[in-house]
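Each residue of the sequence shown is one higher than the last, beginning at 911 in the working numbering. Worksheet: the structure to be examined is printed underneath.
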Amino acid sequence: MKRKIMYDEQDSRIDYGIILPVLLLALISIATLLSTTYIQVAHGSLRTVFMQFAWYVVGTIAIIVIMQFDSEQLWKLTTLSYIIGLILLVAVLFLYDRGTAAATGAKSWFRIGGFSFQPSEIVKIFYILMLAKVATHHNMLTKYRTKSTDWYLFGKLIAYALPALLLVILQNDLGTTLVFLMILGGVMIMSGISWKILLPLILTAVLIGSLLIYLVVYNRQLLLNIGFKNYQFGRIDSWLDPYRDQGGAGFQLFQSLKAIGSGKMFGKGYGHSEVYVPVRESDLIFATIGENFGFLGGTFLITVYFILIYQMIRVCFDTKNEFYSYIATGVIMMILFHVVENIGMTIGLLPLTGIPLPFISQGGSSLLGNMMGIGLMMSMRYHFKSNIFGEDEDPFNQQTRQQQQLPEEFLKARA
């Protein structure tokens, strides 16, 4: 009886609200990649499916390992992990795969034998942990919030984020840069920085974005002089008018729209991918789903993502652990932005950026990074303090800290 109770308690610490959507996305990924055997060379396509399955196995192991770490253990590992991540981002600038760089313009991939790896996908997780630690530590040391303390927190978050951001920018990887910025923005909002500070900055960013679009249309030479590339203009041109250059810059988007449109309401059926779509197994995999399963299939996939993100938001607001709440915010922003940008660019609502669809697109680096994020979310439920200790024993419990300010010497020692 005691053993049964122990197993029941451990089972209750597994968040099936997160695990089940991820499992369903894994099945959709394998099935969609397998369907490409109808239009690709069988050996190559089956190898893609096998590698995706293998990466899912590796990712599952990563989830199991990461969820064993509680918030205090993650706290201690964060700084070292971030330093290692920055070293990887520096290394890839010198040891990047020349073939991939020639094809995509991005210096963001290592190649070892027949395998390639994008370190920035893993560094996203270390980056999330670092920002979460900075925000938590600041708030633990700040007894009274003022505008000046909020500006100080804003500056610290920028200072810690800037090395990773600059290194990713040097890789010519716009999509990943945007993901890092979205994570930073999410943590800033969640950290409690005053909207009197954030709102003007958001409006400034919107104005800069609008100005860039204006310059793309009317004064490209100025942008070329400050480092923009012609292929980036091609992506924006195809976004603004995908039918203007169907055989050139707009080819990918035009074929994607053609495939999705041909699927209509119910799709052509599993494996009936008749429209050629470049990189349909990775960046534009949503076009395959739309063609095979139609509007209903695409809507079903979006619903699964909605359930997953809702469950993660629920975990974020359920936890009283401030460090965990910032980690959850970072993971949610990472996955949410990937979903919105990938589907948006596939249907022409957003420019093409090369961002994969989480848990669906072929690619081990992206999948492993997302699975590590899920591992962090699972850690929150697995080490939920009401299951193990009393709430007062959690040093990151925000409510407890508000009632009893911890000694400053103790807080500094934990940094």
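Backbone N, C-alpha and C define an ideal beta-carbon position, used for all residues, glycine too. From a predicted model like this one, the values you see are computed outputs, not experimental measurements.
Item: Contact under 8 Å by Cβ, residue 1109 with residue 1098; Value: no
Item: Complete runs of the alpha helix (DSSP H) confined to the segment 1267 to 1293 [at least 4 residues]; Value: 1274 to 1292
Item: C-beta neighbour in chain D for residue 944, strict 8 Å; Value: No chain D is part of this structure, which consists of one protein chain only.
Item: Paired residues, beta bridge with residue 1021 - DSSP; Value: 1026
Item: Supposed contact pair residue 1194 and residue 1258 - C-beta distance, whole angstroms, cut 8 Å; Value: Their Cβ separation, rounded to whole angstroms, is 12 Å, which puts residue 1258 and residue 1194 out of contact at 8 Å.
Item: Own chain residues within Cβ distance below 7 Å of residue 998, not counting five before or after; Value: 1029, 1033
Item: contact_flag[the segment 1240 to 1253, the segment 1275 to 1283] where n(CB pairs < 8 Å) is 3 or more; Value: yes
Item: Nonlocal neighbours in the same chain, by C-beta distance under 7 Å from residue 1235, ignoring five residues either side; Value: 1100, 1226, 1229
Item: Proximity to residue 1040 [Cα-Cα], best of 1009, 1220, 996, 1078; Value: 996
Item: Burial state of residue 1209 (16 or more Cβ within 10 Å); Value: exposed
Item: Ordered list of alpha helix (DSSP H) runs contained in the segment 1191 to 1242, each at least 4 residues; Value: 1195 to 1228
Item: Boundaries (first-last residue) of the alpha helix (DSSP H) holding residue 1055; Value: Counting along the chain, residue 1055 falls outside any alpha helix (DSSP H), and DSSP gives it neither H nor E.
Item: Candidates 1183, 1139, 1172, 1149: closest to residue 1251 by CA position; Value: 1149
Item: Cβ-based burial, residue 1202 [other Cβ within 10 Å; buried from 16]; Value: buried
Item: Best match in 1254, 1249, 1200 for proximity to residue 1182 [C-alpha to C-alpha]; Value: 1200
Item: Between the CA atoms of residue 1168 and residue 1122 - distance to the nearest angstrom; Value: 29 Å
Item: Buried or exposed (CB count within 10 angstroms, at least 16 for buried), residue 988; Value: buried
Item: Endpoints, the alpha helix (DSSP H) within which residue 1168 is located; Value: 1161 to 1173
Item: Local Cβ density within 10 Å of residue 1008, reported as buried at 16 or more and exposed below that; Value: exposed
Item: When 1035, 1273, 1102 are compared against residue 1237, the one with the closest alpha-carbon; Value: 1035
Item: Cβ-Cβ separation, residue 1142 to residue 1192 (assumed contact under 8 Å), whole Å; Value: 19 Å between Cβ atoms; not a contact.
Item: Inter-residue spacing [alpha-carbon to alpha-carbon] between residue 1220 and residue 1132; Value: 43 Å
Item: Proximity winner among 1005, 1049, 1072, 1048, relative to residue 1021 (alpha-carbon distances); Value: 1005
Item: Burial state of residue 1151 (16 or more Cβ within 10 Å); Value: exposed
Item: Within 8 Å, strictly: CB atoms of residue 1198 and residue 1085; Value: no
Item: DSSP state of residue 1103 mapped onto helix, strand, coil; Value: coil
Item: Nearest to residue 1061 (by Cα), restricted to the options 1043, 1287, 1106; Value: 1106
Item: 7 Å CB neighbourhood of residue 1204 in its chain, flanking five on each side removed; Value: 1173, 1174, 1175, 1176, 1177
Item: Three-state secondary structure assigned by DSSP to residue 1084; Value: helix
Item: Residue 1037 vs residue 1001 beta-carbon contact at 8 Å; Value: no
Item: Which listed residue (1090, 1116, 971, 927) has its alpha carbon closest to that of residue 1265; Value: 1090
Item: Limits of the alpha helix (DSSP H) - the one that residue 946 falls within; Value: No alpha helix (DSSP H) contains residue 946, which DSSP labels as neither H nor E.
Item: Residues of its chain near residue 992, where Cβ-Cβ distance is below 6 Å and the 5 sequence neighbours each way are ignored; Value: 1036, 1040
Item: Residues of its chain near residue 928, where Cβ-Cβ distance is below 6 Å and the 5 sequence neighbours each way are ignored; Value: 1221, 1287
Item: Closest Cα partner of residue 1103 within the set 1067, 1076, 1072, 1127; Value: 1067
Item: Selection from 1126, 1130, 1018, 985 that minimises the alpha carbon distance to residue 1349; Value: Here the chain comprises residues numbered 911 to 1325, so residue 1349 is not present and cannot be evaluated.
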